[in-house]
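Using the UniProt record's numbering, the letters of the sequence shown correspond one by one to residues 1 to 658.
All residues carry an ideal CB built from backbone N, CA and C; glycine is no exception.
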Amino acid sequence: MLHEIDGGIEWHGGHQVVRVEPWGADSVRVRAGLHRLRWDIPGALSEHPGTEGRIGVEGGTARLANGGITAEVGEDGMLRFLRTSSREELLAEQRAHFWWPGPRAYTSTGNGYYRIEQRFAAYEGERVFGLGQHTHGLFDQKGAVVDLVQRNAEVSVPFLVSSRGYGLLWNSPAVGRVELAGNGTRWVSDSARQIDYWITAGPDPASVMASYADATGHAPMLPEWASGFWQCRLRYRTQEELMEVAREHRRRGLPLSVIVADFFHWTHLGDWRFDPLEWPDPEGMVHELREMGTELMVSVWPSVSPLSENFAEMQRRGLLIATEQGPPVHADWADKGVEGKVQVSFYDATDPQARAFVWDKVRRNYYDLGIRLWWLDACEPEIKPGHQHNLHYSAGPGDEVANIYPAEHARAFYEGMRASGESEVVTLCRSAWAGSQRYGAALWSGDIPATFASLRTQIRAGLNVAMSGIPWWTTDIGGFHGGDQESPEYRELLVRWFQYGVFCPLLRLHGFREPFVDRLDPQMTGGPNEVWSYGEEVYERLRDLLFLRERLRPYVMEQMRAAHETGMPPMRPLFVDFPADERAWDVGDSFMFGPDLLVAPVAEYGAREREVYLPETTRWRDPHSGDVLSGGGAVLLPAPLERAPVLVREGASVPVAG
């Protein structure tokens with residue numbers, strides 16, 4: 001049975017309820033469930049924008065047209081989504097079987113929860129991008145099975161952009177997967193109560209991205225100081241050790257925007273304060289750094305040790321993630337002053353009271369000392385073992401809501417900073433979910449290997465992050481795990497990775513370098529990881545790249561303004577700027593940085609040239625040779641160790657060459 005309701009369409013058949021309603025320009029939201037629809041399940045969409053669509057019924061089919069998209073609901077409850085202007089099918093539901101199940105299946109997991117499946121048709125030649133950040137190394141993700149779960153270096157943002165001209169947000173934080181198979185697409189939630197997704201249509205990917213930003217929130221304007229160089233290593237053990245690095249940057253005349261106090265600067269996990277034995281004057285440290293033009297970033301973990309001064313109160317007040325069975329213990333981790341590991345808990349970031357409690361501690365112990373920049377490490381959260389079915393959050397059971405955790409953790413700091421009168425908010429996060437960008441969350445690619453293969457994977461991962469609506473992204477330059485300072489191959493990798501990092505939204509050097517200071521150290525201290533740590537030849541190249549980034553910063557900030565206002569990511573695949581060029585949709589090893597730079601990283605050891613595809617109807621200038629190259633095909637460009645190919649669009653003025 002079909003009928004109009006609240007400006008939308010609702011269908012009832014058997015026990016199923018399906019509601020379709022306009023939700024922003026050129027977009028509709030679909031919710032489906034058994035018996036009734038719920039309004040208490042968290043998601044990424046902003047409040048209803050009040051959009052009005054045109055509704056009509058003809059021959060047993062109801063249609064809702066909202067700008068560029070039209071949703072059709074048949075009398076059997078089957079949905080199709082069309083481009084309004086041409087009636088071209090963008091996406092349609094598909095039955096699993098002519099008898100049962102249909103396009104939507106609900107298999108009971110008990111107590112009103114279901115294993116949910118939503119099926120759509122597959123289309124020949126369709127390409128799919130986005131879905132967060134993954135280590136599978138794929139650019140086009142059609143054909144892949146992608147887990148919808150948060151893990152270190154595996155970030156679930158369930159938004160995809162299709163080459164067919166639509167974007168789809170699976171607006172459910174439930175653990176599950178999406179299967180992008182050749183015979184159909186299937187979204188699966190392991191245990192949830194209803195289906196909720198949002199679909200938008202646009203003439204090009206930029207329009208789709210703009211609608212997504214409108215629906216889930218725009219990133220704030222990146223502070224100008226954040227566009228420079230961020231220095232980090234695992235880890236600076238004391239205030240003096242960190243300050244000596246900052247002072248050395250100043251002595252050498254090197255730019256330094258951010259330096260990081262990493263983990264174990266605290267007394268115990270969950271104390272959220274400096275250890276006074278190792279960091280005796282953090283307020284003075286912040287003051288001296290700021291005089292140098294450098295901000296201090298501190299690592300803040302969501303885990304709480306039973307040794308923490310806050311543990312008992314948080315447990316008493318119910319501010320830790322609950323467990324269905326057993327005590328609220330979620331992982332084991334090293335803590336200061338203890339041999340071996342302790343059983344730690346995570347605070348419940350989906351609970352407003354818990355978010356307020358953590359921010360209050362952070363405010364007293366860091367913010368009041370002048371610190372304004374937060375590294376939200378291990379924010380998946382990093383539970384062990386990595387499953388959610390025994391956890392219960394304030395927002396609901398773990399299987400149904402867990403993926404929203406990193407966004408809610410970033411929200412705690414965003415709301416705390418704004419309540420403290422701050423307008424500039426940046427958090428560096430190891431995980432994210434749909435809408436994280438609206439809380440000033442910058443994502444980095446996690447604890448990745450220090451190899452050329454890993455660098456190749458990062459290039460594709462970063463482009464898919466961009467297509468997931470998160471404009472602020474970075475990597476550990478040089479990789480995280482390993483990196484021998486004496487290895488010629490690693491030194492070359494570091495240079496090539498730095499050449500890539502200069503053209504990422506954020507530029508950040510980090511890693512767990514060899515040789516380790518003490519391999520038996522339970523506090524995990526890596527070797528030196530400063531730009532001068534790898535020999536004079538490497539230092540000279542990295543120094544030049546630091547000053548290249550300085551020259552680019554006005555251009556970077558222009559792109560950050562566009563990201564804030566329109567949702568256009570600064571780093572993006574070629575097809576975003578050149579959607580009519582069919583070959584551009586296949587290029588995953590080079591990218592646009594803003595509208596005027598085409599960047600082609602070198603990710604093969606020993607390579608001194610590389611092939612670069614130039615989009616159709618364009619002309620490009622090599623800033624080093626002055627040569628002008630015409631688009632529409634691939635060219636072989638020199639790639640000496642001192643630089644990777646970067647081309648400037650003809651007529652643009654971007655200071656790539658010194």
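Between the region 452-463 and the region 397-414 there are fewer than three inter-stretch CB-CB distances shorter than 8 Å, so the stretches are not counted as touching.
In the DSSP annotation of this structure, the continuous segment of the alpha helix (DSSP H) that includes Arg290 starts and ends at 282-291. At the C-beta level, Ser345 and His330 come within 8 Å of one another.
The Cβ atoms of Leu597 and Val646 sit closer than 8 Å to each other. Contact between Leu91 and Phe98 does not hold, since the beta-carbon distance rounds to 21 Å and is not under 8 Å. Between Val260 and the set Trp375, Gly202, Asp275, the nearest pair of CA atoms involves Trp375. In the three-state reduction of the DSSP assignment, Ala71 falls in the strand class, which pools E and B. When the five nearest sequence neighbours on each side are left out, the beta carbons in the same chain lying within less than 7 Å of the beta carbon of Asp190 are those of Arg115, Ala174, Val175, Gly176, Asp399, in order along the chain. Thr427 and Ala441 do touch by the CB rule: their CB atoms are close to 5 Å apart, below 8 Å.
Counting only the Cα atoms, Phe503 lies some 8 Å from Met571. A direct Cα-Cα distance of roughly 26 Å separates Glu154 from Glu415. Residue state for His387 is assigned as coil, using DSSP reduced to three classes. For Pro638, the uninterrupted beta strand (DSSP E) segment begins and ends at 633-638. Assigned with DSSP and collapsed to three states, Ser85 falls in coil, not helix or strand.
Thr200 sits close to Asp26, with the two beta carbons spaced by under 8 Å. It is roughly 43 Å from the alpha-carbon of Asn152 to the alpha-carbon of Gly626. As the crow flies, the alpha-carbon of Glu224 is around 7 Å from that of Met557.
For Met243, the uninterrupted alpha helix (DSSP H) segment begins and ends at 239-252. For Asp586, there is no enclosing alpha helix (DSSP H), as DSSP gives it neither H nor E. For secondary structure counted as the beta strand (DSSP E) over 3 or more consecutive residues, the region 425-501 holds these complete runs in sequence order: 427-429, 441-444, 481-484. Exclusion of the five residues before and after Arg31 leaves Arg19, Leu37, Gln194, Ile195, Asp196 as the residues of its chain whose Cβ lies within less than 7 Å of its Cβ. Within the same chain, Cβ atoms closer than 6 Å to the Cβ of Phe575 are found at Ala584, Trp585, the five residues on either side in sequence being excluded.
Listed as beta-bridge partners of Thr107 by DSSP are Arg115. Taken atom to atom, the span from the alpha-carbon of Glu313 to that of Asp360 is near 14 Å. For the options Tyr605, Leu391, Glu241, Thr617, the alpha carbon positioned closest to that of Ala639 is the one of Tyr605. Remark: fewer than three beta-carbon pairs, one from each stretch, lie closer than 8 Å, so the region 528-544 and the region 202-209 are not flagged as touching.
If one requires a minimum length of 3 residues, the beta strand (DSSP E) runs lying completely within the region 183-226 are 184-192, 194-201, in chain order.
Under the DSSP assignment, Tyr555 falls in the alpha helix (DSSP H) whose first and last residues are 536-566.
Only residues of its own chain outside the window of five on either side were considered, and among them Ile477, Gly478, Gly483, Tyr534, Val538, Leu542 have a CB closer than 8 Å to the CB of Leu494, listed in chain order.
For the pair Gly24 and Pro49, the CB atoms are nearer than the 8 Å cut-off.
Your pair Gln343 and Pro306 checks out as a contact, with CB atoms roughly 7 Å apart and the cut at 8 Å. Close CB contacts of Pro255 within its chain, under the 6 Å cut and outside five residues either way in sequence, are with Gly228, Phe229, Leu546, Glu550 (chain order).
Beta-bridge partners assigned by DSSP to Tyr414: none are found.
Counting only the Cα atoms, Phe264 lies some 10 Å from Glu278. Leu222 is the residue among Ala206, Leu222, Gln559 whose C-alpha sits nearest the C-alpha of Leu373. A straight line joining the alpha-carbon of Phe357 with that of Gly67 spans about 44 Å.
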